[in-house]
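Protein chains in written order, with UniProt numbering: chain B, 1 to 327; chain H, 1 to 298; chain Z, 1 to 429.
So the structure is just underneath, and the comments pick up after that.
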Amino acid sequence: MNIKMDRTETGLLLALPLLILIAFVLPKWVVNYVQVSLGTGLVALGVMIQMRAGLVSFGQGLYFCVGGYAAGMLAKFLGISDLFLLLAAGILAALIVAGIAGFLLRRYREIFFAMLTLAISMILFGLLSSTEELGSTDGFNLPSATYLGWAPEGETGRLTLYTFTALVVVVCAILLNRFLKSPVGYINEAIRENEVRVEYLGTSAHHAVHITYVLAAVVSSIGGVLWALALGHVDPEMTNWTTSGQFVFISILSGTGNIAAPLIGTFLLEILRVYAVEISPNTWQMILGSVMLLTILYLPKGLWSLLTTRKSTKPSDDSADKISVGD
Amino acid sequence: MQTAVAISVDGLGFAAWLFLSSVGLTLIYGVMRILNIAHGGFYALGAYSSAWAIGLFVNSGGAVVYSFLLIPLAALLAGAIAGLLVERGILRYMYGRDEVLMVLVTYAIFLILEDATKLIWGTESYVAWQPAFHFGTINVMDIPYTVYKFIIMAVALAVGAALFLVLNKTRVGKLLLVVIEDREISGALGINVTLFFTVTFVVGAILGALGGAISAPEISVLPGIGAEIIVLSFAVIVIGGMGSIGGAMLGALIVGFARALSVHLYPPAELFSIYLVMAAVLAVKPYGLFALAESRKI
Amino acid sequence: MKTKYSLMASAALSALVGTSAFAPAVQADDATFKIGVVTFLSGGASGPFGIPGRNAAEVVIEAINAGTMPAPYDTAGIGGAMIEQVVIDENSKQKVADYQKLVDKDEVDAVVGYASSGSCKAIAPEAEKLKQLTVFAICGTPQIFEEIVTEPEYLFRSMSHATMDNVGAARYVLDTTPELKTIGGINQNYAWGQDSWRDFSETIAALKSSVEVDSEQFPKIFAGQYGSEISALLSAKVDVVHSSFWGGDLEAMIIQGAGRGLFDRSQMVLTSSDTAIPRLGAQIPNGTIIGARGFNGPYAPDTELANWFEQAYFDRFGVAPVSPSYQMAQSIMALKAAADKAQSSDPDAIRAALAGLTFESASGEVSMSLSDGHQAATGIAYGTYEFDASTGKGSVKNVRSYAAGCVNPPVGVTSGEWIKGGFDGATCE
Numbered sequence: 001m002n003i004k005m006d007r008t009e010t011g012l013l014l015a016l017p018l019l020i021l022i023a024f025v026l027p028k029w030v031v032n033y034v035q036v037s038l039g040t041g042l043v044a045l046g047v048m049i050q051m052r053a054g055l056v057s058f059g060q061g062l063y064f065c066v067g068g069y070a071a072g073m074l075a076k077f078l079g080i081s082d083l084f085l086l087l088a089a090g091i092l093a094a095l096i097v098a099g100i101a102g103f104l105l106r107r108y109r110e111i112f113f114a115m116l117t118l119a120i121s122m123i124l125f126g127l128l129s130s131t132e133e134l135g136s137t138d139g140f141n142l143p144s145a146t147y148l149g150w151a152p153e154g155e156t157g158r159l160t161l162y163t164f165t166a167l168v169v170v171v172c173a174i175l176l177n178r179f180l181k182s183p184v185g186y187i188n189e190a191i192r193e194n195e196v197r198v199e200y201l202g203t204s205a206h207h208a209v210h211i212t213y214v215l216a217a218v219v220s221s222i223g224g225v226l227w228a229l230a231l232g233h234v235d236p237e238m239t240n241w242t243t244s245g246q247f248v249f250i251s252i253l254s255g256t257g258n259i260a261a262p263l264i265g266t267f268l269l270e271i272l273r274v275y276a277v278e279i280s281p282n283t284w285q286m287i288l289g290s291v292m293l294l295t296i297l298y299l300p301k302g303l304w305s306l307l308t309t310r311k312s313t314k315p316s317d318d319s320a321d322k323i324s325v326g327d
Numbered sequence: 001m002q003t004a005v006a007i008s009v010d011g012l013g014f015a016a017w018l019f020l021s022s023v024g025l026t027l028i029y030g031v032m033r034i035l036n037i038a039h040g041g042f043y044a045l046g047a048y049s050s051a052w053a054i055g056l057f058v059n060s061g062g063a064v065v066y067s068f069l070l071i072p073l074a075a076l077l078a079g080a081i082a083g084l085l086v087e088r089g090i091l092r093y094m095y096g097r098d099e100v101l102m103v104l105v106t107y108a109i110f111l112i113l114e115d116a117t118k119l120i121w122g123t124e125s126y127v128a129w130q131p132a133f134h135f136g137t138i139n140v141m142d143i144p145y146t147v148y149k150f151i152i153m154a155v156a157l158a159v160g161a162a163l164f165l166v167l168n169k170t171r172v173g174k175l176l177l178v179v180i181e182d183r184e185i186s187g188a189l190g191i192n193v194t195l196f197f198t199v200t201f202v203v204g205a206i207l208g209a210l211g212g213a214i215s216a217p218e219i220s221v222l223p224g225i226g227a228e229i230i231v232l233s234f235a236v237i238v239i240g241g242m243g244s245i246g247g248a249m250l251g252a253l254i255v256g257f258a259r260a261l262s263v264h265l266y267p268p269a270e271l272f273s274i275y276l277v278m279a280a281v282l283a284v285k286p287y288g289l290f291a292l293a294e295s296r297k298i
Numbered sequence: 001m002k003t004k005y006s007l008m009a010s011a012a013l014s015a016l017v018g019t020s021a022f023a024p025a026v027q028a029d030d031a032t033f034k035i036g037v038v039t040f041l042s043g044g045a046s047g048p049f050g051i052p053g054r055n056a057a058e059v060v061i062e063a064i065n066a067g068t069m070p071a072p073y074d075t076a077g078i079g080g081a082m083i084e085q086v087v088i089d090e091n092s093k094q095k096v097a098d099y100q101k102l103v104d105k106d107e108v109d110a111v112v113g114y115a116s117s118g119s120c121k122a123i124a125p126e127a128e129k130l131k132q133l134t135v136f137a138i139c140g141t142p143q144i145f146e147e148i149v150t151e152p153e154y155l156f157r158s159m160s161h162a163t164m165d166n167v168g169a170a171r172y173v174l175d176t177t178p179e180l181k182t183i184g185g186i187n188q189n190y191a192w193g194q195d196s197w198r199d200f201s202e203t204i205a206a207l208k209s210s211v212e213v214d215s216e217q218f219p220k221i222f223a224g225q226y227g228s229e230i231s232a233l234l235s236a237k238v239d240v241v242h243s244s245f246w247g248g249d250l251e252a253m254i255i256q257g258a259g260r261g262l263f264d265r266s267q268m269v270l271t272s273s274d275t276a277i278p279r280l281g282a283q284i285p286n287g288t289i290i291g292a293r294g295f296n297g298p299y300a301p302d303t304e305l306a307n308w309f310e311q312a313y314f315d316r317f318g319v320a321p322v323s324p325s326y327q328m329a330q331s332i333m334a335l336k337a338a339a340d341k342a343q344s345s346d347p348d349a350i351r352a353a354l355a356g357l358t359f360e361s362a363s364g365e366v367s368m369s370l371s372d373g374h375q376a377a378t379g380i381a382y383g384t385y386e387f388d389a390s391t392g393k394g395s396v397k398n399v400r401s402y403a404a405g406c407v408n409p410p411v412g413v414t415s416g417e418w419i420k421g422g423f424d425g426a427t428c429e
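Structure, rendered in structure tokens:
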């Protein structure tokens, strides 16, 4: 594999120390939102790489939840709290579930892919909501993470988890960036443009979609593990369609132009919500909705285009295509 | 035997409600290719205005029998005003954008409508049960059902038939099919495409509001009811085939019977029966049951 | 292109800095006592729970600041400090981060509220971790102190958990229906509904083993349409149907069920139903067993404090307070009582005073007697509904009260064990 880094990757690597520094400089509550945003941001990333292939998953919460519950159940029933084992469990669970579901889902495109992913995630929601051993809709709590036998507590524990979260997220982002530039990544773009031609060129679109789907599941699951550990709690709400919907909205709002966009977008949206609630506790949804509309109207390529518009002065007409799913 | 009859009546009753609550969604999708999340907002608006109007009317001494008229009236007004505002005020600036982006747009509109409803009617619940019991009940195999349930079934059939006739037997309907087939060419032929879009969206909004308005007497109308209907109506139209009126009817019947069956035979399955059916149908028929040729929607 | 990354970094940084810039200057003013009020302001639980709770908090806090509450709370402020409230929405996907924001950014002295058991489970360990005085006002699950925080220092719950509702309901049914043979249930398919039905049906089984269960319905929460479930219950023809429905679902179920004669065919027991009385009036059939999750609403005692609360709430909002209002009021009165006892507005002093305290609320006497003095135990009352056509108002009659010791497990026993074990140590008069 090419070791040479592109701009995005250098940027991400440079951002890592900065991200970690934040934990020591900024107030705790902001760091908390950064941390949960890193977890959910990974899921948005999973949604985004599928969007590159023209696939919109309205059920990505499934893997967010699979990760969280895999880690949670390992802790609850086997008493394991080692971060690396929990991450491994999340990845393994996602590999199995996505590997199997992928055989079905890779045949679907457009709105039908969206709806089938939604249906599958809601079946898990129904199952978990009626399983009293796992706390039903109330979910259950997770212990604090340990690291190869080291069990930091209090402030140290918080900072350690944060540092690891930042590290894992940046590594995932870099690997995904590599993926987007790999042959499969380019095939995905071609699938979005015209799937029939891809097949005529002798490549299997199903194969590429399957790989992408599993990969997206794995990062989402990692996001789920990290988020659950930061929160110390999992519940079936993680796989509810409203949660999955949010990941899609974040990906669209942030734009699919760059791997870092969903991560930053998640945090910005979270902060927007916090202040909307503070300014107007009873009608914060209205503020959120209006900001979304204005963003779509003026930044059709997503927030990321704020950073790239200098390049081209073309009107937004054809730009809409790039965001998303072709038809 | 009693169970079998109960399952049929319950299934039909629930299906009628589902059809009324989702037909507007499939109409808008069929014509405009917009998966309209704001549909939930229209449903809530219809429910609120109908419950509010009925309550006002009955409490001021109006005869209950006339309050039935308030249901379609409330749906018409609420749907037309909100639909026009949304389409003329927001959506028309967004046409031509990608389908998925439009989902986000309608989600943002839904959030705004949710709070707008709260600002208009507050957070206290509204109940307007009078019409639901005006005609009493009918016993079917020793189980009483309200006559209102059967009225809803009749309305659902009538709405379905009316839409079918307008789309297939009138000039407007045929022109609409042309617009669906090819937007640009129909524009070149002199068809006012913009007008068709506006009218379709408003009709869809009115149908959404009707779903809410007609269920208002049976439920308690309060914040959050709009969100509940969204995913349910998605399931219905996806099962039937998106954009097809007949499909919405079939989808509603399948979901209605799936729920009635699970409630009577195995209650714990009720929570996810709908999604199981949806996954099963999509696994066999990837485009839903009634999806015909790609562009021939509706 | 070089500028792109510096731009990205600066965008993110400015967002970060921006957020911290909003943080208020350090609260040097000791004369205020800041309370974070967490309640549902959006979604399906906002109408029946969240808003009545927020309203109650407003009424009580203003009265405390003005010193207009009746005795024993007729002094102004919390330990002399004026209360300032910060209200946030419980309907959020980042409940814990929101809580941490209240603690860290808003620097609240105490947090009160939370209606959902799921929220409480997630927040409970956080409160201890952040050493933040927190009083849960509602949430039903008994697990909070039985399993999650077993040695609480900072966390309190100012009302009994849901076990009481259902043990009380079962005792009332057995006391009033001696020939009980079959029971059925319709409960929402989520933790609250499942727990409620389990506690109720197991209590009946433990106290009268000959009773059979027929038809257990678990519709989805916020479903609104219960036609099929009601048909199933109608054909089951059980003696008693138990339901822990609340809010809009409850009202819809009463409308649909009563209209089809379910309430005539079976004796209905609605454990959380006082909220429906002002709205449905004559639509609730007479004889329905009504619960209010404690001595709230129609079961509120005839004390100066209770009457004041009912009147003040009514004057302000034009409707009578419902059980979530009483529960929220109770959590703030708990703080006030503890501060009065400690003669201080210092959270640590309040915390020390609150543990094990017995105080008066609009729902009568509350004693923080369980879980090292952090969990309240109160009694409960049930009665049957009676609508008075001449006044247009509903009320309850045939009221029976059960003392705290009769419907709550004794210290050191979990609710589940207590019920299964046949109520060892229960003290019923």
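Even for Gly, the Cβ is constructed at its ideal location relative to N, Cα and C.
Predicted, not measured: the structure shown is a model, and the values here were computed from it.
Your pair L174 (chain Z) and K220 (chain Z) does not check out as a contact, with CB atoms roughly 30 Å apart and the cut at 8 Å. Put simply, the backbone Cα of L175 (chain H) is about 39 Å away from that of V65 (chain H).
When Z:S266, Z:G248, Z:F423, Z:V240 are compared, the shortest CA-CA separation from V221 (chain H) is found for Z:G248. Less than 8 Å separates the beta-carbon of F136 (chain Z) from that of Y114 (chain Z). Secondary structure of V103 (chain H) (DSSP, three-state): helix. Our two residues, Y73 (chain Z) and A206 (chain Z), have alpha carbons roughly 42 Å apart in a direct line. When the beta-carbon positions are compared, A23 (chain B) and L159 (chain B) come within less than 8 Å of each other.
Proximity to V103 (chain H) across H:G251, H:A209, H:G288, H:I230 peaks at H:I230, based on C-alpha coordinates. The C-beta distance from V269 (chain Z) to A169 (chain Z) rounds to 5 Å, short enough to fall under 8 Å. Taken in chain order, the whole alpha helix (DSSP H) runs of length 4 or more contained in the segment 356 to 413 of chain Z are 404 to 407.
In the structure shown, the three-state DSSP call for Y148 (chain H) is helix. About 13 Å separates the beta carbons of I100 (chain B) and A279 (chain H), which is beyond the 8 Å limit, so they are not a contact pair. Contact with chain B is found for A108 (chain H), since one of that chain's Cβ atoms lies less than 8 Å from the residue's Cβ. Out of Z:Q327, Z:A355, Z:Y326, the CA that lies nearest to the CA of A339 (chain Z) is found in Z:A355. Within the segment 182 to 210 of chain Z, N189, Y190, A191, Q194 place their CB atoms closer than 7 Å to a CB of chain B, listed in sequence order.
For the pair A252 (chain Z) and G224 (chain Z), the CB atoms are nearer than the 8 Å cut-off.
With fewer than 16 other Cβ atoms from the protein chains shown falling within 10 Å of its own Cβ, A188 (chain H) counts as exposed.
Per DSSP, M249 (chain H) is not a residue of any beta strand (DSSP E); the alpha helix (DSSP H) it occupies stretches across 245 to 265.
Contact of P268 (chain H) with chain Z is assigned, a C-beta pair being separated by under 8 Å. Judged by DSSP in its simplified three-state form, Q50 (chain B) adopts helix.
In this structure, the alpha-carbon of L165 (chain H) lies about 10 Å from that of V159 (chain H). Interface with chain Z (8 Å Cβ-Cβ cutoff): W121 (chain H) is excluded.
Boundaries cannot be given for I221 (chain Z), as no beta strand (DSSP E) includes it and DSSP labels it neither H nor E. Excluding the 5 residues flanking it on each side, A205 (chain B) has same chain C-beta neighbours closer than 7 Å at I191, E195, V198, E199, in chain order. A residue is called buried once 16 or more other Cβ atoms fall within 10 Å of its Cβ, and N168 (chain H), having fewer, is exposed.
The three-state reading of DSSP puts D249 (chain Z) in helix, counting H, G and I together. Identification of chain Z residues near S244 (chain B) by a Cβ-Cβ cut-off of 8 Å yields none; the smallest Cβ-Cβ distance measures about 11 Å. By the CB criterion at 8 Å, G289 (chain B) and G255 (chain B) fall outside the cutoff.
Contact check for V103 (chain Z) and Q132 (chain Z): beta-carbon distance about 5 Å, within the 8 Å limit, so the pair qualifies. Closer than 8 Å to the CB of S231 (chain Z) there is at least one CB belonging to chain H. The Cβ of T414 (chain Z) sits no closer than 8 Å to any Cβ of chain B. One alpha carbon belongs to A166 (chain B), the other to L86 (chain B), and they sit about 16 Å apart.
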